[in-house]
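Protein chains in written order, with our numbering: chain A, 8 to 286; chain B, 33 to 353; chain C, 81 to 394.
Backbone N, C-alpha and C define an ideal beta-carbon position, used for all residues, glycine too.
Note that this is a predicted model, so its numbers are computed, not measured.
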Amino acid sequence: MRARFFRGVPWLAILVLAAVLACAAGGEAILPHDPNDLDLGSAFLPPAWLDGGSLSSPLGADNLGRDILSRIMAGSRVSVIVAFYAILFSGGIGALAGMVCGYFGGRVDAALMRLIEIQQSIPAIALALILAAALEPGLTTVVVVIVLTYWAWYARIIRGEIMALKGRDYIAFARVAGVSTPVIFLRHLLPNIFNTLVVLATLQVGQVILFEASLSFLGLGIQQPDISWGLMLSDARQYITNAWWAITMPGIAIMLTCLSANVFGDWLRDRLDPQLRQL
Amino acid sequence: MLLSVRNLQTHLHLRRGVLRAVDGVSLDVAEGETLGLVGESGSGKTMTGLSLLRLLPKGSGRIAGGSISLDGRELTTLSESELVREIRGRRIAMIMQDPMTSLNPVFSIGDQVGNPLRNHDIARGTAVRAAVVDVLRRVRLPSPADRLDDHPHQFSGGQRQRIVAAMAIGCTPRLLIADEPTTALDVTIQVQIIGLLRQIQADTGAGIILITHDLGVAASLCHRIAVMYAGQIVETGPVRRIYRQPAHPYTRALLEAIPRLGAKRGRLAAIQGQPPSLIDPPTGCRFAPRCALRMDKCAEAPPEITLADGHRAACWKLADA
Amino acid sequence: MLELDGLTRHYRTRHGVVRAVENVSLTLRAGGTLALVGESGCGKTTIAKMILQLEQPDAGTIRFEGADVAHMDRAALHRYRRDVMAVFQDPYASLNPRMRVANIIAEPILAHEKPGRAALDKRIAEVLDIVGLPVSAARLYPHEFSGGQRQRIAIARALALQPRLMVLDEPVSALDVSIRAQVLNLLQDIQDQFGLTYLIIAHDLALVEHFSSDVAVIYLGRVAEAGPTAEVFAGPRHPYTQALLAAVPLPDPDHVLSEAAAAGEIASALNPPPGCRFNPRCPRAQDICRTTVPELRGTPHAAACHLVSEPPRT
Chain A
8 MRARFFRGVP
18 WLAILVLAAV
28 LACAAGGEAI
38 LPHDPNDLDL
48 GSAFLPPAWL
58 DGGSLSSPLG
68 ADNLGRDILS
78 RIMAGSRVSV
88 IVAFYAILFS
98 GGIGALAGMV
108 CGYFGGRVDA
118 ALMRLIEIQQ
128 SIPAIALALI
138 LAAALEPGLT
148 TVVVVIVLTY
158 WAWYARIIRG
168 EIMALKGRDY
178 IAFARVAGVS
188 TPVIFLRHLL
198 PNIFNTLVVL
208 ATLQVGQVIL
218 FEASLSFLGL
228 GIQQPDISWG
238 LMLSDARQYI
248 TNAWWAITMP
258 GIAIMLTCLS
268 ANVFGDWLRD
278 RLDPQLRQL
Chain B
33 MLLSVRNLQT
43 HLHLRRGVLR
53 AVDGVSLDVA
63 EGETLGLVGE
73 SGSGKTMTGL
83 SLLRLLPKGS
93 GRIAGGSISL
103 DGRELTTLSE
113 SELVREIRGR
123 RIAMIMQDPM
133 TSLNPVFSIG
143 DQVGNPLRNH
153 DIARGTAVRA
163 AVVDVLRRVR
173 LPSPADRLDD
183 HPHQFSGGQR
193 QRIVAAMAIG
203 CTPRLLIADE
213 PTTALDVTIQ
223 VQIIGLLRQI
233 QADTGAGIIL
243 ITHDLGVAAS
253 LCHRIAVMYA
263 GQIVETGPVR
273 RIYRQPAHPY
283 TRALLEAIPR
293 LGAKRGRLAA
303 IQGQPPSLID
313 PPTGCRFAPR
323 CALRMDKCAE
333 APPEITLADG
343 HRAACWKLAD
353 A
Chain C
81 MLELDGLTRH
91 YRTRHGVVRA
101 VENVSLTLRA
111 GGTLALVGES
121 GCGKTTIAKM
131 ILQLEQPDAG
141 TIRFEGADVA
151 HMDRAALHRY
161 RRDVMAVFQD
171 PYASLNPRMR
181 VANIIAEPIL
191 AHEKPGRAAL
201 DKRIAEVLDI
211 VGLPVSAARL
221 YPHEFSGGQR
231 QRIAIARALA
241 LQPRLMVLDE
251 PVSALDVSIR
261 AQVLNLLQDI
271 QDQFGLTYLI
281 IAHDLALVEH
291 FSSDVAVIYL
301 GRVAEAGPTA
311 EVFAGPRHPY
321 TQALLAAVPL
331 PDPDHVLSEA
341 AAAGEIASAL
351 NPPPGCRFNP
361 RCPRAQDICR
371 TTVPELRGTP
381 HAAACHLVSE
391 PPRT
């Protein structure tokens with residue numbers, strides 16, 4: 008049983024994700040350089056394997072001579088924090104809404120479903136622009152935008168699951184026996200949608216990281232002097248002809264992290280919940 | 033003899049081990065005869081039926097031994113393509129329990145009943161439609177010509193089972209395997225389908241193997257009965273012998289365990305315990321652990337005793353008598 | 081003990097109104113077993129769901145020991161839920177696969193009482209013993225049991241609070257023939273031991289005759305015939321009951337089945353025929369049967385048929 012569970016484990020993806028987490032958790036202590044340390048002398052320093060590169064900055068430096076490796080490592084922190092809060096809140100709100108809609112049905116369900124349909128037809132970028140104007144661009148705004156965009160996705164899927172579960176005879180028995188509704192939610196519904204939630208959350212990691220990068224790239228997200236991968240892309244954009252590495256390295260970091268999260272999520276989905284294949 | 037099966041062994045290769053679903057089954061079906069294959073779930077009755085058509089679960093199922101001969105022709109050595117071309121749906125057809133899974137919801141019933149006719153060259157081109165109407169009339173579907181373009185969901189459960197029967201008898205097969213054909217139906221509809229199967233047999237002279245767990249349905253339809261338990265036939269004989277003078281303790285226990293309409297209310301004689309696993313079946317008599325008449329000898333495989341013409345049972349108790 | 085009076089339930093669907101249950105009045109005697117018999121879609125399960133308060137009737141009342149269930153306050157309804165339990169058909173769907181047997185059986189107890197750990201374990205062991213399972217079963221999960229054993233667990237769970245009424249929805253039809261008798265005997269023993277009242281839903285008429293004291297034959301949402309089981313089975317009055325009994329294949333090769341007693345198909349509850357709902361299939365239908373709904377007449381053995389005159393009382 009155990010051996011079968013671990014068959015086909017995507018070790019490489021797990022390694023990448025672990026590295027990202029370690030960078031985020033390590034903080035300043037593990038960085039080779041201060042990521043905000045300006046050193047105009049080494050501006051546009053190429054990566055170590057190119058002519059003129061230096062091993063002290065293996066991935067090179069940007070227009071202001073800041074060490075790219077250190078900045079990528081520091082930027083992982085924002086990605087991880089955004090992913091954590093965004094998934095926690097969108098998953099939590101979405102699951103709760105989905106459970107309530109699916110279980111009680113009727114008017115609550117109809118009203119919430121309309122809200123979800125409206126929400127899903129608003130472009131996320133427009134929402135971000137409005138919110139960034141209303142609030143202040145920054146980490147909180149990024150999280151709020153992502154939560155507002157994604158909770159409906161959870162709510163729809165969980166609602167479907169709950170509607171199928173509700174018809175099970177063991178839930179009918181619990182109602183017949185006078186078991187209270189909160190207990191039915193905790194004992195019968197929540198454990199049965201737990202796998203689905205884990206799978207959905209894992210699959211969302213990649214999307215959240217990309218979303219944060221896009222918002223920051225557009226200047227609607229993380230602001231200087233904080234560091235984020237999207238912001239790094241934005242900074243390096245104008246120097247793409249003379250220092251391609253300044254934009255490519257954070258791009259590769261985003262791509263590797265998202266790819267790993269998706270590969271891991273796919274594997275987890277197949278392991279835990281083969282019925283969700285269509286997601 | 034229309035169909036002769038000798039010492040059939042069908043194995044299912046599962047992760048947990050080899051499941052001997054059918055373990056040494058021998059049976060005969062004559063033309064125009066209905067043999068009832070009676071048993072509980074997991075007794076191997078369905079697997080026996082599927083083995084005749086080699087329609088076993090892909091990957092895991094395998095016929096491991098024995099012979100199957102239809103009109104003197106050995107089927108176990110035929111290739112898959114010969115089987116498809118000459119046997120399946122042509123000489124041996126099958127009616128399954130749930131008409132909804134036997135019918136494809138996206139095609140009209142005219143298409144679906146016509147397909148076997150086209151595939152086996154029974155009818156071609158424009159003649160197919162007329163042939164389909166004819167076969168639907170034979171299964172007594174009301175106004176068949178008007179309903180050829182209707183889809184399965186537009187019919188009731190009983191009508192669907194008639195359509196499935198029409199698909200089966202279109203090519204006038206020699207042998208019809210009916211696997212729980214009435215189990216999904218209500219009792220007033222069930223009696224109609226029982227009548228239909230009888231009529232099909234009278235019209236075509238086909239042999240029928242009726243696979244069922246319902247001793248009432250088997251009694252009303254069969255000429256002979258074979259009782260299966262744990263992958264083996266424990267008793268076989270003419271229907272009256274089986275119901276009036278059951279010899280094997282399992283057959284007797286089964287007949288006593290069911291409530292009977294019109295019989296006095298009392299306690300049912302339950303069979304204790306449950307059937308054995310067929311991955312690691314008990315040696316000797318497989319019913320012995322649940323048998324009230326168990327003896328030391330039952331640890332060895334029981335001999336098959338002939339009690340009367342065509343009535344045989346495998347039990348040590350009978351050997352001693 | 082339980083009285084249903086004029087119970088009606090309609091479902092609104094895209095295709096129109098499904099008249100699932102129409103004006104059903106029945107009485108359950110304390111300590112008796114009432115069987116609801118009928119073909120699929122006849123409304124027997126809907127009646128059970130209304131008794132179990134999983135659904136609300138559109139009209140009519142359900143009275144439990146004189147009290148109208150619809151007008152019960154919270155506390156009274158909670159007591160009702162303690163007194164009325166259920167066993168469902170499919171033992172694979174009725175037990176939560178993620179819960180241990182001990183927690184499954186404890187669930188109804190904890191919904192009504194706060195026993196200590198030791199007292200709870202003792203109660204669980206007791207009911208497991210009653211249904212013939214070892215105490216060690218408490219630590220296992222449902223998938224470790226066979227169908228028959230799972231049904232025993234479902235019975236233990238329903239029994240844990242010592243209810244007064246148990247609704248048995250096809251309790252053995254998912255089980256194998258050799259296991260059915262075990263479970264039926266168990267249910268009968270429990271009834272004798274605890275003086276339970278049963279409402280059983282079944283389609284197997286032989287089982288109903290064997291198991292029930294009273295029977296109600298339902299056709300397309302209406303009661304066709306009702307009365308003491310022995311009387312109804314010995315002298316069925318409604319043509320539908322007669323057709324049902326004639327259509328049951330007996331384990332007797334010389335029994336002749338009658339196909340003629342109920343021709344055609346069961347009509348849809350979406351568009352039931354006017355008058356007596358059985359009239360399109362009835363071999364004896366008259367003009368009045370096609371226009372006027374027959375009343376249920378006779379006591380205790382009643383039939384809803386224009387062709388049956390009330391028999392002289394003897």
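Please report the Cβ distance between residue i and residue j, rounded to the nearest whole angstrom; I am assuming they are in contact, meaning their Cβ atoms lie under 8 Å.
i: Thr309(C); j: Ala115(C); result: 7 Å
i: Ser293(C); j: Thr141(C); result: The Cβ separation is near 24 Å, so there is no contact.
i: His152(B); j: Arg94(B); result: Actually they do not touch by this definition, with Cβ atoms about 27 Å apart.
i: Ala166(C); j: Val190(A); result: Between Val190(A) and Ala166(C) the Cβ distance is about 18 Å, and since that is not below 8 Å, they are no contact.
i: Thr283(B); j: Val266(B); result: 7 Å
i: Ile436(C); j: Leu287(C); result: Lying before the first or after the last residue shown, residue 436(C) is absent from chain C, which here runs from 81 to 394.
i: Pro148(B); j: Arg192(B); result: Their Cβ separation, rounded to whole angstroms, is 17 Å, which puts Pro148(B) and Arg192(B) out of contact at 8 Å.
i: Ala262(B); j: Arg326(B); result: Ala262(B) to Arg326(B), Cβ: 15 Å. No contact.
i: Pro363(C); j: Ala341(C); result: 7 Å
i: Pro176(B); j: Val165(B); result: 5 Å
How would you label residue i, buried or exposed, when you count the other beta carbons within 10 angstroms and need 16 or more for buried?
i: Trp18(A); result: exposed
i: Val85(A); result: buried
i: Trp236(A); result: buried
i: Arg230(C); result: buried
i: Pro188(C); result: buried
i: Ser309(B); result: exposed
i: Gly146(C); result: exposed
i: Asn249(A); result: exposed
i: Val97(C); result: exposed
i: Val215(C); result: exposed
i: Phe274(C); result: exposed
i: Phe224(A); result: buried
i: Gln231(B); result: exposed
i: Ala340(B); result: exposed
Per the DSSP calculation, residue i is bridged to which residue(s)?
i: Arg99(C); result: His90(C)
i: Tyr299(C); result: Arg302(C)
i: Tyr278(C); result: Thr113(C), Met246(C)
i: Phe319(B); result: Phe319(B) pairs with nothing; no bridge assigned.
i: Ile357(B); result: This structure cannot speak to residue 357(B), because chain B is shown only from 33 to 353.
i: Phe144(C); result: Leu82(C), Ala147(C)
i: Asp294(C); result: Leu114(C), Pro308(C)
i: Met126(B); result: Ile209(B)
Note down, in chain order, every chain C residue with its Cβ under 7 Å from the Cβ of residue i.
i: Gly185(A); result: His158, Arg161, Arg162, Ala191, His192
i: Arg299(B); result: Asn265
i: Asn202(A); result: Neighbours of Asn202(A) on chain C: none; closest Cβ ~10 Å, over 7 Å.
i: Gly248(B); result: Val328, Pro329, Leu330, Pro331
i: Gln272(B); result: The sequence given here has Arg at residue 272(B), not Gln. Correct list: Pro333.
List, in order along the chain, the chain B residues whose C-beta lies closer than 9 Å to that of residue i?
i: Pro360(C); result: What Pro360(C) touches in chain B: nothing, since even the nearest Cβ is about 13 Å away.
i: Leu287(C); result: Ile290, Pro291
Can you name the residues of chain A whose CB is closer than 7 Å to the CB of residue i?
i: Asp170(C); result: Asp176
i: Ser174(C); result: Asp176, Tyr177, Phe180
Report the neighbours of residue i on chain B: residues whose CB is nearer than 7 Å to its CB, in chain order.
i: Val257(C); result: Glu72, His245, Leu286, Ala289, Ile290
Listing by chain order, which chain A residues have their CB less than 8 Å from the CB of residue i?
i: Ala383(C); result: Those within 8 Å of Ala383(C) in chain A number zero; the least Cβ separation is about 32 Å.
Could you list which residues in chain C have their beta carbon closer than 9 Å to that of residue i, in chain order?
i: Pro39(A); result: In chain order: nothing, as chain C lies at least about 48 Å away.
Which bits of chain A does residue i rub up against, with CB to CB less than 9 Å?
i: Pro188(C); result: Phe180, Ala181, Val183, Ala184, Gly185, Val186
Task: Secondary structure, beta strand (DSSP E): runs of 3+ residues fully inside the segment 253-302 of chain B - done: Listed in chain order, they are 256-261, 264-270.
Task: Runs of alpha helix (DSSP H) wholly within the segment 217-243 of chain A (minimum 4 residues, chain order) - done: Within the segment 217-243 of chain A, the complete alpha helix (DSSP H) runs of at least 4 residues are 236-243.
TODO: Pick out the complete beta strand (DSSP E) segments inside the segment 46-128 of chain A, 3 residues or longer, and give them in chain order.
DONE: Correct list: empty.
Open item on the list: Tell me which residues of the segment 210-239 of chain B have at least one Cβ-Cβ distance to chain D shorter than 8 Å, keeping chain order.
Closed with: Given the protein chain composition of this structure (A, B and C), no chain D is represented.
Task: Ordered list of beta strand (DSSP E) runs contained in the segment 164-217 of chain B, each at least 3 residues - done: Runs of the beta strand (DSSP E) inside the segment 164-217 of chain B: 207-211.
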